[in-house]
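Residue numbers (my numbering): 9 to 290.
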Amino acid sequence: MSDKLNKNVDQEKTDYDGTDTEVPLVIHHPANADAANSREQREFPQNHIKPSFQFLCTTLLWLWKGIISNDGLWIAAATIIIAVANIKYTQYAAKQWTEMRESNSINREALESVQRAFVSEAPISITRIDDRKTAKIVGWSVSFSWVNNGSTPTKDMTSHVSVRAEHTPLPSNFDFPDEWNEGQPHIATPTFIAPKATAGSFSFSLTEGALDQVRAGTYFINVWGRARYHDIFVNSPEHVTKFCAQLKITGIPGDPRTIIPFQFDMCPQLRSTCADTECVDH
């Protein structure tokens, strides 16, 4: 038996050529290894997020407790809120006040523009002068006056009317100064005009001979005047009205068929008739 065993061993030694026979290596994994790895990967974010979220909530809760327990902080916050609210309210109130003042100013201007006194030249009054014995026309009486077209009376009004009759027309650059008769004081006439009323009459006479010369173009008669006044409203600016009228023949003087043989037209000079800011020297 031992001889047979030794023979087999010797035979194996004789047959061995110095190389090792490759033996396949088989690794056996647990059946549930893939499932475990997959579960671990899914649970990894949750295992880290949950503690982080708990830490954040704990921190916020701690801060909130610190805030609500700090009376000084609440008072400071309330003071800031009240200050901001007051600033916003002040800005809003200031804006409303400005808009209200602008609205009141516009309404006042509109009221004053409608209700204020407005003085202008009244229609010219022309009256025939007859000879008492012969009943023939010997001349004409002409009257200029002022009319207040406004709904309130004038205040501190003065007026003056000038007349010039000469053989040459007024120059184009004539500035229409106040002129006075010889011996007359150089003082404008104080005048008061009620609403829708007329006052401040200025009169002079024309002869038939003077009208004949005007008709012949050798005589020129011009009348101009100015009125300065205030309104009854507070802080009323000074108003001014100016006019100039030039006599023009429209009929035959002395002809009984002619009711009034002349009229007054506006002077051709620039700004001879104006009001307020339209006047050059106002």
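The beta carbon of each residue, even a glycine, is placed where N, CA and C say it ideally should be.
**Study point:** Every unbroken alpha helix (DSSP H) within the stretch 220 to 259, with a cutoff of 4 residues, ordered by chain
**Key:** With a minimum length of 4 residues, no continuous alpha helix (DSSP H) run stays inside the stretch 220 to 259.
Review point. Between which two residues does the beta strand (DSSP E) containing H168 stretch?
Key: Per DSSP, the continuous beta strand (DSSP E) segment holding H168 begins and ends at 163 to 174.
Review point. CA-CA distance, Q5 and V222?
Key: No answer is possible for residue 5: the residues shown for the chain start at 9 and end at 290.
Exercise for review: Would you mind sorting W154 into buried or exposed? The rule is 16 or more other CB atoms within 10 Å of its CB.
Suggested key: Buried, because 16 or more other Cβ atoms sit within 10 Å of the Cβ of W154.
Review point. Distance, Cα to Cα, G158 vs F152?
Key: Cα-Cα distance, rounded: 19 Å.
Check your understanding: In terms of residue numbering, what span does the beta strand (DSSP E) encompassing S180 cover?
Key -> For S180, no beta strand (DSSP E) run applies, since DSSP gives it neither H nor E.
Point to revise | Euclidean distance between Cα positions of E120 and E110 | key: Near 15 Å, if we compare the C-alpha coordinates of E110 and E120.
Point to revise | Proximal residues to T197 (C-beta, below 8 Å), its chain only, five neighbours per side dropped | key: Within the same chain, T197 has close Cβ partners T166, S167, H168, G208.
Check your understanding: The beta strand (DSSP E) with D273 in it runs from where to where?
Key -> Start and end: 270 to 274.
Practice item. Could you spell out the range, first to last residue, of the beta strand (DSSP E) harbouring V146? Key: For V146, the uninterrupted beta strand (DSSP E) segment begins and ends at 145 to 156.
**Study point:** Validate contact between the stretch 171 to 181 and the stretch 216 to 234 using beta carbons, cut 8 Å, 3 pairs
**Key:** As far as the Cβ criterion goes, the stretch 171 to 181 touches the stretch 216 to 234, which means the pair count is three or higher.
Review point. Under the three-state reduction of DSSP, which class applies to A202: helix, strand or coil?
Key: Correct three-state label for A202: coil.
Exercise for review: Measure the C-alpha to C-alpha separation of Q104 and N94 and round it to an integer number of angstroms.
Suggested key: A direct Cα-to-Cα measurement between Q104 and N94 gives close to 15 Å.
Check your understanding: What separation, rounded to the nearest whole angstrom, lies between the Cα atoms of V127 and P185?
Key -> Rounded to the nearest whole angstrom, the CA to CA distance from V127 to P185 is 19 Å.
Point to revise | Best match in G217, A202, T215 for proximity to Y237 [C-alpha to C-alpha] | key: For Y237, the nearest C-alpha among the options comes from A202.
Review point. Whose C-alpha, out of D239, E246, T285, is nearest the C-alpha of K163?
Key: With distances taken between Cα atoms, K163 lies closest to D239.
**Study point:** Residues near T285 in its chain [Cβ-Cβ closer than 8 Å; skip 5 each side]
**Key:** Nothing meets the Cβ criterion.
**Study point:** Close Cβ partners of A205 (< 8 Å) along its chain, the five nearest in sequence each way excluded
**Key:** Cβ neighbours of A205 beyond the five flanking positions: V155, N156.
**Study point:** Nearest to L278 (by Cα), restricted to the options S180, E107, T199
**Key:** When each option's Cα is compared against that of L278, the closest is S180.
Practice item. Taking only the alpha-carbon atoms, compute the straight-line gap between H36 and T67 and give it to the nearest angstrom. Key: Note that H36 scores 49 on pLDDT, short of 50, meaning its location in the model is unreliable and no value can be drawn from it.
Review point. In terms of residue numbering, what span does the beta strand (DSSP E) encompassing V127 cover?
Key: Start and end: 127 to 129.
Practice item. For F241, I'd like the list of residues in its chain whose CB is within less than 6 Å of its CB, leaving aside the five on either flank, ordered along the chain. Key: Closer than 6 Å at the Cβ level, and outside the excluded window around F241, lie E120.
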